[in-house]
Amino acid sequence: MSATQFTGILLYDGDCPFCSAASTAMRRLESVGVVPWDDPAAQAFLEAQFGETPFALFFVDIDAETVWAGRAAATELCERAGMPVLVQDIVDETYERFADAVWSVSETDREIDPYHDAYPLADDAAALFDELAANGNRTHVPNA
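Here the sequence shown stands for residues 1 to 144, numbered as in UniProt numbering.
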């Protein structure tokens, strides 16, 4: 599938083990690509969507005209990947504790911003979706 055929994009922190695992799990969804949070296209998209570049897990679906963030993004991705309801519930209930634990051991100097809802896709951000999708990959490729 070419990048321009992605209808969903996961924005993730490539240095975060949880986010990298989530990006790898997305290979089950052919219409979903992944883009690192610090990619210039991701930064431009977040700025257009939120008026800032919050540091969190984001999932964008152009067809649904929605951006899910944080816990909501993880839950939406579990559902789309066909994870059992029990797994979805565990992800939803423990997301913040797990994210905090990963953050504390990942030696990053950025704190995770408290974005955890589904947001309507802003027109300015929607206009940048094709560029974002063009930078998408099928799955996370770890740095060598």
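Think of the CB as a built atom: it goes at the ideal place given N, C-alpha and C, for glycine as much as any other residue.
Going straight from the alpha carbon of residue i to that of residue j, what length do you get?
i: Gly-82; j: Thr-75; result: 11 angstroms
i: Thr-7; j: Phe-45; result: 15 angstroms
i: Phe-59; j: Ile-9; result: 6 angstroms
i: Phe-55; j: Trp-37; result: 8 angstroms
i: Leu-132; j: Ala-41; result: 5 angstroms
i: Asp-124; j: Arg-71; result: 24 angstroms
Quick one: what does DSSP say residue i is sitting in, helix, strand or coil?
i: Ala-69; result: strand
i: Pro-40; result: helix
i: Leu-11; result: strand
i: Phe-59; result: strand
Which residues does DSSP pair with residue i in a beta bridge?
i: Tyr-115; result: According to DSSP, which records beta bridges pairwise, Tyr-115 is partnered with nothing at all.
i: Pro-120; result: Thr-66
i: Gly-33; result: Ile-9
Taking the alpha helix (DSSP H) that residue i falls in, what are its first and last residues?
i: Phe-6; result: Per DSSP, Phe-6 belongs to no alpha helix (DSSP H) and is neither H nor E.
i: Leu-132; result: 129-134
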